[in-house]
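Following the numbering used here, the numbering of the sequence shown begins with 826 at its first residue and continues without gaps.
All C-beta atoms in this analysis are idealised placements derived from N, C-alpha and C, irrespective of residue type, glycine included.
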Amino acid sequence: MPSWKLVTGMFIGFVGSLVALVGVGYAMVSVPDENAAAKSQNNVYYWADGTQMVATGTGVNRQNVNIAQIPDAMQWAVISAENKSFYQDSGVDPQGLLRAVVNMARGGQTQGGSTITQQFVKNTYLSQQQTLTRKFKEMFISIKVGTKLSKPQILQGYLNTSYFGRGAYGIQAAAQTYYGKDAKDLTPSECAVLAALLKGPTYFDPAGNADLDPSATQQANTQRSKDRWGWILEQMHNDHHLTDVQFQQATKQYPVPDGRKATKGMTGQISYLVDTAKKYVLAHSDITETQFDQGGYQIQTTFEKDKVNALAAAVKKVQQERIDPKKRDLDKYVQFGAASVKPKDGAIVALYGGDGYENGHFTNNADTAGVPVGSTWKPFVLAAAMQYGTYRTSGEGLSPLSKYNGNDHLKVLNNDGTPVLTKDNSVFYQRNESDYRWGYISLRKAMEQSVNTPFVQLGMDVGLTHVRDVAQASGILRDSFSTLNPSFSIGTSTPSAIRMADAYSTFAASGQHADPYSVTAVKKDGQELQGFTKPKITPAIPENVANNVTDVLQNVIQNGTGENAKALGRTAAGKTGTTDSNKSAWFVGYTQQLSTSVAMFRENPKDHELLSMNGTAGVESIHGGDIPTSVWTEYMKAALKNANDNGFPNATEIGKVQDEAGAPTPTPSPSITPSPSATQSPSPTPSATNTSPSPSASDTCQWNWGNPCDGNGNGTGGTDTGGTTGGTSPSPTPTDTTGNGNTRGNGNGGIFAGPNG
């Protein structure tokens, strides 16, 4: 046991060392200068080729004001909300510091200062390094500030250096940005709104910041702002900084701040490119929004100027040709969003975010959720079926030649044969866009003509979790998935245009996936920051599954709803999408070099609710194969002007042909040869000219085994016209060329003949 003298000596030595350490630390730090701390710089963004895109930011000193120019209501608002004991405390919160030190020692993030003095000190550190050294230095400075500066000086410094969002540093800039007035003219009610922003402008700016965080919508932020505004005014009243009359007047009506305004250089698509790159930087580093907006960063992006301009030009051209809000009210509020990604890489080379900040459109349509993708989701269902099979294939993948019932208004079944029930326990029926009776058609054909009922039932047979997993592996973010119910398979989810282009690039890359990225390097003070390496390429879905999806989607362009994309004049694959009530329309397509998605929708500018596009552009309804496909084709022509047509890898036969439960058996085999006397060769699918969900009389009896059609599209068998009920299991033989309504399926009700079959 050590003697008491030794213990006492060690204790005195420890205390002395600690006192000396504190003394040295105290002596080495200086009181912050709010004017020096107020300097901000531009952030400079560069195109993919290294040329400068834009320098954005204030780039000048913030306009500081003295305490006499800051309303008493603003001063008391921050005190009542953040540090009630401001005029009594020493400026340091020992318990808060201890929590921060312990948290950092455990590897966690540092915590902000809990007093106004500590926050003022923190605001002066532009580096914002999250280290114990910085935290102790901050403590020493806070102590010195508390002894060297008066409380009004500290409060003035805090309000002149705080970040209020929208690039506004200090109360004067905030007053101008949010209310278009000087700080001295702010009302108590307006002061409470600005004080609420100090809680975090991303989440308390009523204009919303959904581009930075999907939860920071305009509606959610407005509610958060109103709640905290009311609470701050209540605290001021409770603390006797507002009289009863002042409180009643201040709470009478929430003072809505001005909308956002475009800053210098942030016009056209540049604003959305900067928005996307900034979001990527914040998500892949420890840099906070406040630090980033203080400037001084150089950001190298993946955006290619010629492709960005080509995409904007494609949208503008189609808009001018088809959309006329002056002529038609239903053309008002039409929006476009688009993105273009490199397969086998993930680089975002172009995007279209909207009409530009200068036109009051601050939401980035290329990177926003909320617009259902419709039938562009069906390839994920097919991919899941080919990879996992259904409950009837015993784990073996399903062939796209398998047949499902394509008729309208079908009862959707669970795997045990029982009907799927809705929330009110009624039977769930799926509708198609039209009531055309397709009968049992291959999944390939169903994709070609975008028939809903086969894919809804297929999703149930495969398992919706498998569909979700394939979509997620391909690049769709989990938080954009809708509820797993039968409609999940036909695109009720709301991923962004960027994510849809990236997910389809997985098909283009034969199942290899890379996360989309927009930034390749970030520098600050000449030093390159970590965290911006190129995303890794990983296998997402089996190679032949992806190649077979591509083969099916090539057919969509060649023979189906995406035929307008044939004007591209090169090998391509893609899928159209249209949603319920015609609230959105999509086209997503790709070559080996580029994967591009185009979304079109109408949005109420007041509440951002989607509006129907029925009647828009002077047509009954907008389909993905119409305007979105036209935009896609115009852009891809320009973007691939000098590129080779590389085609796609060959898809080899995949999966088991397993028709839907209840399908007629046996089904005709595409390999059956008709009789020599037949006038037409059999075709396992309708003619390539059949691109409409409502076939004409000339192309409705391809399944009539070589026999001709009558003028109404009804099948006939040689010289014997079929019966009125039709058959369900045609079984032609080389010598059987005469019609029989019971076995040949030649009548109106036949499965494979006539428009009802």
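If you drop the 5 nearest sequence neighbours on each side, which residues of the same chain put their C-beta closer than 8 Å to that of V1344?
A1102, Y1105, V1106, H1109, I1124, Q1125, T1126, T1127, F1357
Measure the alpha-carbon distance for T940 versus T972 and round it to whole angstroms.
15 Å
Looking only at DSSP bridge pairs, what is I1266 linked to?
Bridge partners of I1266: Y1229.
For M1272, verify whether its CB is less than 7 Å away from any heavy atom of the ligand MG.
With respect to the ligand MG, the structure offers nothing, as it holds no ligand at all.
Whose C-beta lies closer than 8 Å to the C-beta of D1069 among residues of the same chain, with five residues either side of it excluded?
H1062
Sorted by chain position, which residues of the same chain lie with C-beta nearer than 7 Å to V1252's C-beta, five sequence neighbours on each side aside?
K1236, P1244, L1246
Is there contact between the region 1197 to 1210 and the region 1368 to 1380, where contact requires at least three CB pairs shorter than 8 Å?
Touching, per the Cβ criterion.
Using a 10 Å radius around the Cβ and a threshold of 16 neighbouring Cβ atoms, would you call R1153 buried or exposed?
exposed
Quick check on I837: does DSSP put it in helix, strand or coil?
helix
Between the Cα of L984 and the Cα atoms of A893, L1378, I1323, S915, which residue gives the shortest distance?
The residue from A893, L1378, I1323, S915 with its alpha-carbon nearest to that of L984 is A893.
Alpha carbon to alpha carbon, how far is L1283 from H1291? Give it in angstroms, no decimals.
11 Å
Specify whether the region 1408 to 1424 and the region 1317 to 1330 touch according to this definition: at least 3 beta carbon pairs, one from each stretch, less than 8 Å apart.
yes
Would you check if the distance between the CB atom of K1169 and the CB atom of A998 is smaller than 8 Å?
no
Give me the residue from S828, V1159, E1221 with the minimum Cα distance to P1150.
V1159
Given A1175, which residues of its chain have a CB within under 6 Å of its CB, disregarding the five upstream and five downstream residues?
K1132, V1133, L1136, S1165
Would the region 1450 to 1468 count as touching the region 1378 to 1397 if we require 3 or more Cβ pairs under 8 Å?
yes
Is there contact between the region 1390 to 1398 and the region 1425 to 1432, where contact requires at least three CB pairs shorter than 8 Å?
no
Taking the alpha-carbon positions, what's the A1194 to S915 distance?
47 Å
Opposite R1427 in the DSSP bridges: which residues?
V1159, L1436
Should T876 be labelled buried (16 or more other beta-carbon atoms within 10 Å of its own) or exposed?
exposed
In this structure, what does DSSP give as the bridge partners for G1402?
W1411
Cutting at 6 Å between CB atoms, please list the residues of its own chain near S1014, excluding the five before and the five after it.
A1075, P1080
Please classify T1477 as buried or exposed, where buried requires at least 16 neighbouring CB atoms within 10 angstroms.
exposed
Among the residues of its own chain, which have a CB less than 7 Å from the CB of D1470, if the five just before and after it don't count?
R1395, T1396
Are the beta-carbon atoms of T1278 and Q1483 separated by less than 8 Å?
no
For T833, I'd like the list of residues in its chain whose CB is within less than 7 Å of its CB, leaving aside the five on either flank, ordered along the chain.
The beta carbon of T833 lies closer than 7 Å to none in the same chain, with the five residues before and after it left out.
Among Q900, K1051, Y1004, G1055, which has the Cα closest to the Cα of Q981?
Cα-wise, what sits closest to Q981 is Q900.
According to DSSP, what are the bridge partners of H1338?
T1363
Verify whether the separation of the beta carbon atoms of P1360 and G1171 is less than 8 Å.
yes
Give the secondary structure of K1086 by DSSP, where H, G and I count as helix, E and B as strand, and everything else as coil.
coil
Would you mind sorting A1346 into buried or exposed? The rule is 16 or more other CB atoms within 10 Å of its CB.
exposed
Alpha carbon to alpha carbon, what distance is there between I996 and A1468?
53 Å
Under the three-state reduction of DSSP, which class applies to S1165: helix, strand or coil?
Of the three classes helix, strand and coil, the one that applies to S1165 here is strand, per DSSP.
If we ignore side chains and look at the alpha-carbon of each, how far apart do S1494 and P1474 end up?
In this prediction, S1494 has a pLDDT of 47, which is less than 50 and means its spatial position is unreliable; what the coordinates show is noted afterwards. The alpha-carbon atoms of S1494 and P1474 are separated by roughly 27 Å.
In angstroms with no decimal places, state the Cα-to-Cα distance between Q1352 and I1112.
14 Å
Round the Cβ separation of S1409 and V1099 to the nearest angstrom and send it over; I've been treating them as touching at under 8 Å.
At roughly 26 Å, the Cβ-Cβ gap does not stay under 8 Å, so S1409 and V1099 are not in contact.
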